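**Student:**
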DNA sequence: GAAAACGAACTTGTATACAAGTATACGCCC
DNA sequence: GGGCGTATACTTGTATACAAGTTCGTTTTC
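Protein chains in written order, with my numbering: chain Z, 50 to 278; chain A, 50 to 278.
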């Protein structure tokens with residue numbers, strides 16, 4: 050367990066970045082919402098400078114938009130970005146799962162994945178806890194196949210539709226189905242069955258697109274329908 | 050053809066970023082070389098502020114390392130980073146090629162790929178021109194399958210071993226072999242043969258690892274042998 | 001002569017000041 | 001009352017000033 054040096058109001062550009070990023074991903078800062086470098090500086094007890102550095106990184110992440118001399122805004126959920134992010138994540142995680150199934154995983158990794166599934170079953174209707182456990186499950190494989198820090202790459206894409214997941218859980222997405230798919234993926238990796246593992250994961254990841262387009266009806270103000278733009 | 054507003058000494062954070070990035074990737078700034086925010090500011094005719102913003106982005110790209118209060122340095126070529134980047138790029142481009150082969154490509158894209166191969170044949174021993182044509186070939190597929198800007202994702206990974214390619218061309222890497230592989234890939238996509246396309250691309254991308262480890266012997270000062278660290 | 005300690009000149013990180021541009025609100029004119 | 005114009009209060013982008021820390025050279029002392 051990592052200990053934060055400053056429990057409530059962390060300062061320093063890196064800490065500010067993490068804080069704002071988490072607030073966007075967890076929808077405490079809503080898509081389209083306006084931000085102010087000055088206000089954020091006041092809130093974190095710093096000047097604009099470290100706030101600005103954090104914002105610039107979030108722009109690269111596609112989570113914030115800066116319109117010069119006009120304002121800084123939390124990015125709306127872009128269907129185009131979701132589509133691209135899903136393709137990238139899917140390609141990456143399918144390769145990871147195939148590698149895991151072909152080469153096999155250490156026992157510790159298997160057990161960690163089991164724990165993640167158990168956490169998910171225990172999460173019930175706590176959307177955030179469910180999401181954290183879901184992340185944990187996927188992360189186990191990325192970390193275990195020995196190609197270095199692959200999770201950060203997945204994460205950079207994932208941010209684009211984490212918000213979709215939070216909006217949709219548990220109303221739209223059938224929670225039991227997701228858990229069942231995780232179980233199928235893990236069992237296939239255990240059995241060293243790469244083909245089945247890939248098919249299970251593929252089905253698992255394809256849900257997000259349907260979810261996003263479904264949300265377009267319920268939350269049109271939060272979503273940028275830019276697919277045919 | 051895009052026209053740069055300022056031909057020789059572009060200013061503004063974004064332009065500075067592009068300039069420094071290109072100089073690192075093209076090995077005009079050597080791995081391990083020390084940089085100074087002040088000097089760069091003088092060179093671009095700006096203050097440290099926009100230089101700093103550019104540097105922060107390059108840190109995210111893994112091309113620059115900043116050691117607080119100690120200095121800013123061009124990252125050495127990390128074998129670990131090369132291994133990870135190759136995995137990511139491979140996963141992504143294989144998915145792209147499969148998609149292209151299964152769904153087919155518009156005629157314009159096919160012709161553009163043909164042109165890229167011709168450029169490569171014409172490049173001869175001009176390593177930089179060869180590399181640009183190589184990039185162009187790969188980019189055609191990323192742009193053509195309709196999942197948005199996938200090339201920028203490939204590019205962010207590619208930067209890690211573009212320097213390896215430049216170091217190795219044409220001494221280590223057999224140029225004719227690379228061109229032949231491009232031809233095989235394009236022919237397979239044309240024939241809508243996803244399996245062959247994938248196998249050809251896979252062979253094409255796997256060369257980089259052997260190349261990097263080979264360079265470890267000839268350029269030990271530029272390469273960080275951190276695989277077993 | 002050698003070693004240790006001090007100091008000056010760098011480094012990056014942050015705070016503040018200024019410049020250029022935009023939106024809004026208020027007042028004036030019709 | 002409605003519309004237009006101006007002024008003011010914002011915004012981000014850049015420049016400069018300050019703070020804290022590291023490195024390296026010099027000087028002093030033994």
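Think of the CB as a built atom: it goes at the ideal place given N, C-alpha and C, for glycine as much as any other residue. Here the structure is a predicted model, which is why all the values come from computation and not from measurement.
Would you give the residue range spanned by the beta strand (DSSP E) that residue 116 of chain A belongs to?
**Tutor:** Note, residue 116 of chain A: beta strand (DSSP E), 113-116.
**Student:** Can you tell me whether DSSP reads residue 196 of chain A as helix, strand or coil?
**Tutor:** Correct three-state label for residue 196 of chain A: coil.
**Student:** Tell me the rounded alpha-carbon separation between residue 52 of chain A and residue 116 of chain Z.
**Tutor:** With a pLDDT of 36 at residue 52 of chain A, under the threshold of 50, the predicted position of this residue should be treated as unreliable, and no value is reported.
**Student:** Report the residue ranges of all alpha helix (DSSP H) runs contained in full by the region 164-212 of chain A; include only those spanning at least 4 residues, in chain order.
**Tutor:** The qualifying runs are 176-193.
**Student:** Nearest by alpha-carbon distance to residue 169 of chain A: which of A/209, A/150, A/225 is it?
**Tutor:** Cα-wise, what sits closest to residue 169 of chain A is A/225.
**Student:** For residue 245 of chain Z, report the span of its alpha helix (DSSP H) as first-last.
**Tutor:** Segment 243-267, the alpha helix (DSSP H) holding residue 245 of chain Z.
**Student:** Taking the beta carbon of residue 167 of chain Z as the centre, do at least 16 other beta carbons fall within 10 Å, making it buried, or is it exposed?
**Tutor:** It is exposed - the Cβ of residue 167 of chain Z has fewer than 16 other Cβ atoms within 10 Å.
**Student:** Do residue 131 of chain Z and residue 210 of chain Z have their CB atoms nearer than 8 Å?
**Tutor:** Yes, the pair counts as a contact, with Cβ atoms nearer than the cut-off.
**Student:** How about residue 95 of chain Z: is its Cβ closer than 7 Å to a heavy atom in the ligand NAP?
**Tutor:** You won't find the ligand NAP in this model; it holds no ligand whatsoever.
**Student:** Can you give the beta carbon distance from residue 141 of chain A to residue 243 of chain Z, rounded, assuming they're within the 8 Å contact cut?
**Tutor:** About 19 Å; that fails the 8 Å criterion.
**Student:** Please report the residue range of the alpha helix (DSSP H) in which residue 90 of chain A lies.
**Tutor:** Note, residue 90 of chain A: alpha helix (DSSP H), 86-93.
**Student:** What is the rounded straight-line gap between the Cα of residue 149 of chain Z and the Cα of residue 193 of chain Z?
**Tutor:** Taking the straight line from one Cα to the other gives about 8 Å.
**Student:** Which residues does DSSP list as the beta-bridge partners of residue 122 of chain A?
**Tutor:** Answer by DSSP bridge pairing, in chain order: A/83, A/114.
**Student:** What residues in the region 90-109 of chain A bring their beta carbon closer than 7 Å to a beta carbon of chain Z?
**Tutor:** If the cut-off is 7 Å between Cβ atoms, the region 90-109 of chain A has 102, 105, 106, 109 near chain Z.
**Student:** Residue 129 of chain A versus chain Z: which residues are under 7 Å apart at the beta carbon?
**Tutor:** What residue 129 of chain A touches in chain Z: 197.
**Student:** Could you give the DSSP three-state label for residue 236 of chain A: helix, strand or coil?
**Tutor:** If DSSP states are grouped into helix, strand and coil, residue 236 of chain A belongs with the helices.
**Student:** Just tell me which of A/70, A/85, A/110, A/135 has its CA closest to the CA of residue 253 of chain A.
**Tutor:** Looking at the Cα atoms, A/135 is the closest of the given residues.
**Student:** When we look at the beta-carbon of residue 72 of chain A and count the other beta-carbons within 10 Å, is it buried (16 or more) or exposed?
**Tutor:** Exposed: under 16 other Cβ atoms inside 10 Å.
**Student:** DSSP state of residue 96 of chain A, grouped into three classes?
**Tutor:** Looking at residue 96 of chain A - three-state DSSP - the assignment turns out to be coil, as it is neither helix nor strand.
**Student:** Based on DSSP bridge pairs, tell me the residues matched to residue 272 of chain Z.
**Tutor:** Looking at the DSSP assignment, residue 272 of chain Z forms a beta bridge with Z/126.
**Student:** Give a yes or no on whether 8 Å exceeds the smallest Cβ distance from residue 250 of chain A to chain Z.
**Tutor:** So, not an interface residue.
**Student:** Taking Cβ positions only, does residue 177 of chain A come closer than 8 Å to chain Z?
**Tutor:** With 8 Å as the cut-off, residue 177 of chain A does not count as an interface residue toward chain Z.
**Student:** In chain Z, which residues lie less than 9 Å from residue 136 of chain A when you measure between Cβ atoms?
**Tutor:** 141, 144, 145, 148, 194, 196, 197, 199, listed in chain order.
**Student:** Buried or exposed: residue 91 of chain A, going by 16 or more other Cβ atoms within 10 Å of its Cβ?
**Tutor:** So residue 91 of chain A ends up on the exposed side.
**Student:** For residue 266 of chain Z, count neighbouring Cβ atoms within 10 angstroms of its own Cβ and tell me buried if that reaches 16, exposed if not.
**Tutor:** Exposed: under 16 other Cβ atoms inside 10 Å.
**Student:** Since residue 202 of chain Z meets chain A, which of its residues come closer than 7 Å, beta carbon to beta carbon?
**Tutor:** What residue 202 of chain Z touches in chain A: 137.
**Student:** Rounded C-beta distance between residue 257 of chain Z and residue 202 of chain Z? I'm assuming under 8 Å.
**Tutor:** Contact flag wrong, Cβ pair sits at about 17 Å.
**Student:** Is it right to say residue 183 of chain Z is buried, meaning 16 or more other beta carbons lie within 10 angstroms of its own, or is it exposed?
**Tutor:** By the neighbour-count rule (16 or more Cβ atoms within 10 Å), residue 183 of chain Z is buried.
**Student:** Just verifying my parser: in three-state terms, what is the DSSP assignment at residue 231 of chain Z?
**Tutor:** Helix at residue 231 of chain Z.
**Student:** Check residue 77 of chain Z in the structure and name its three-state DSSP category.
**Tutor:** DSSP places residue 77 of chain Z in coil when its eight states are reduced to three.
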